Structures are given as C-alpha cells and as structure tokens.
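Engineer:
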Amino acid sequence: MMHRLIALTAILLPAIAQAQLPQPRLYSVFPTGVQTGQSVEVSITGGDDLEEINSLLFDHPGLTAAPKLNDQQQPVDRVFVVTAAADVPAGPHEVRCKGLWGVSNARRFYVGTRPQINEAEPNNSIDKAVALPVGTAVHGRMDGGADVDLFKFTAAAGQRLVIEIDADRIESRLRPTLEVYDSSARRRLASLRGDGNSDPVLVFDA
Numbered sequence: 157m158m159h160r161l162i163a164l165t166a167i168l169l170p171a172i173a174q175a176q177l178p179q180p181r182l183y184s185v186f187p188t189g190v191q192t193g194q195s196v197e198v199s200i201t202g203g204d205d206l207e208e209i210n211s212l213l214f215d216h217p218g219l220t221a222a223p224k225l226n227d228q229q230q231p232v233d234r235v236f237v238v239t240a241a242a243d244v245p246a247g248p249h250e251v252r253c254k255g256l257w258g259v260s261n262a263r264r265f266y267v268g269t270r271p272q273i274n275e276a277e278p279n280n281s282i283d284k285a286v287a288l289p290v291g292t293a294v295h296g297r298m299d300g301g302a303d304v305d306l307f308k309f310t311a312a313a314g315q316r317l318v319i320e321i322d323a324d325r326i327e328s329r330l331r332p333t334l335e336v337y338d339s340s341a342r343r344r345l346a347s348l349r350g351d352g353n354s355d356p357v358l359v360f361d362a
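So for the sequence shown, the numbering used here puts the first residue at 157; every next one is plus one.
(1) Only counting runs of 3 or more residues, tell me where the beta strand (DSSP E) segments fall wholly within the segment 324 to 355, in order along the chain.
(2) Would you report the Cα separation of residue 321 and residue 225, rounded to the nearest angstrom?
(3) Measure the CB-CB distance between residue 308 and residue 334 and report whether it falls below 8 Å.
(4) Can you list, in chain order, the residues of its chain with a C-beta nearer than 8 Å to that of residue 345? Leave out the 5 residues immediately preceding and following it.
(5) Does residue 212 pass the burial test, meaning 16 or more other C-beta atoms within 10 Å, or should it be called exposed?
(6) In or out: residue 341 buried (at least 16 other Cβ within 10 Å) or exposed?
(7) Please list, in chain order, all residues of the same chain as residue 165 whose beta carbon is under 8 Å from its beta carbon, the five residues on each side excluded.
(8) Work out the CA separation of residue 328 and residue 343 for me, nearest whole Å.
(9) Less than 8 Å between the CB atoms is what I'm expecting for residue 192 and residue 269, so what's the real figure, rounded?
(10) In whole angstroms, give me the CA-to-CA distance for residue 235 and residue 207.
(11) Going residue by residue through the segment 257 to 301, where are the continuous beta strand (DSSP E) segments of at least 3 residues, counting only ones entirely within it?
(12) With DSSP as the reference, please indicate the residues paired to residue 307 in a beta bridge.
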C-alpha cells in the first residue's frame, strides 16, 4: 500500500507544478490592423502574464514588428512598429506576443487596402466630430460602457455609401449601433443595430 501511495505522489507532483506556471494570454492590441505597404504603432492593451514582452509574431512573413524606441533609444514597453509589405494579402491574420513566459494565444489582426486612422477622444459631441474621408477605415475602441463616437463626412445627393463595423470579425464583444444624422445632427436619417450574430452593414443613400 505504501509503494502505491509513493508512486501516485510521484505522478501528481509534476502536474501540480506545471499548473502553477503563468500562461501568457493576449486579449487585445490597438490598432487592430494596418494598411498594406504601410507601418503603424501597435500597443498591447490587454492580457495576462505578459511580462517582458519582446516581440510580436504574425502568421505571414510580410508582417513584421520592431520595438518602438524612446528618445534614449530604449524599447517602449509593449509598443511595436508593425509593417505590412505590399504583397501581404488583405484580410484577417493572426498576431501573438512573446515574452518571459513564452508565446501567447493568437488574436486577429486585419490587413486592409484602404487608408486607416485611429479614433482620438474626445469625439462624443457634434462640435468634436472627426472629419472622415469616404473610403477610410477607423480603428476605434470603447471608453466606458456607453461610449459614443461621432464622425462627419461629405456625400453628394444620390451617392450610395456602405458603412460597416468590424466587431465580431476581430473577436470583439462590442454590440454596436450605426446611426446617420443630417448636418444639424438633429434628424436621424438611418440606423442599424448589431444583433450579436453578425456585424452591422448599413447601406445609406444620401
């Protein structure tokens, strides 16, 4: 009986020790994509056990990352300059981070052909609405539970615009609503709410 107990203990101890090791988990980066042929600063904005992160790893060799350097030429913690070569296919890719405890899980990272900008707060009132050229992609993020972000654009009469939000496609839990108002911001012209199963795509005829 004693021999069996010792053997069982010898089997369980390695399993217990392994379970206590930190497991790096990557939850989010910002922005969540880059335009082909361009570079962008990408920050790790959420995760667990991400000590001493030294690199970002992608699923395509044309996506590369270098640590951002400060004025003293020292790496800025969890900030990287990501470059997409011109031949990187547009669409979803995977990004992981590597640090003290190894390589994290993968998150989606989109490569697109359209010009891209990052949302900048404050933009939650009509006087602070950000001018957005038609055909531009915006990287946004939530700042509180009921965040509202306003953008303004110019459209000609009869022009058809397709306005969409990628949330599910980048593994976000956001449940967005799209609304279009006139220039006075008092009359709502169109509205579409995400249903939790697919991202909203609003077709708007000016």
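All C-beta atoms in this analysis are idealised placements derived from N, C-alpha and C, irrespective of residue type, glycine included.
Everything numeric in this text was worked out from a predicted model, so none of it was measured.
Structural biologist: In this structure, then:
(1) Look at the segment 324 to 355 and you find these whole runs of beta strand (DSSP E), each 3 residues long or longer: 333 to 337 and 344 to 349.
(2) Whole-angstrom Cα-Cα distance: 32 Å.
(3) 8 Å or more divides the Cβ of residue 308 from the Cβ of residue 334.
(4) Within the same chain, 336, 337, 338 and 360 come within 8 Å of residue 345 by CB-CB distance, once the 5 residues on both sides are set aside.
(5) By the neighbour-count rule (16 or more Cβ atoms within 10 Å), residue 212 is buried.
(6) Residue 341 should be labelled exposed.
(7) Reliability fails at residue 165, whose pLDDT of 45 lies under 50, so the model's placement of it is uncertain and the value that follows must be treated cautiously. Excluding sequence neighbours, residue 165 sits near nothing in its chain.
(8) Between residue 343 and residue 328, the C-alpha separation is close to 30 Å.
(9) Contact between residue 192 and residue 269 is confirmed by a C-beta separation of about 6 Å, below the 8 Å threshold.
(10) Straight-line spacing of the CA atoms in residue 235 and residue 207 works out to 13 Å.
(11) Those beta strand (DSSP E) runs which fall completely within the segment 257 to 301 and span 3+ residues are 263 to 268, 272 to 274 and 293 to 295.
(12) Residue 307 is bridged by DSSP to 286.
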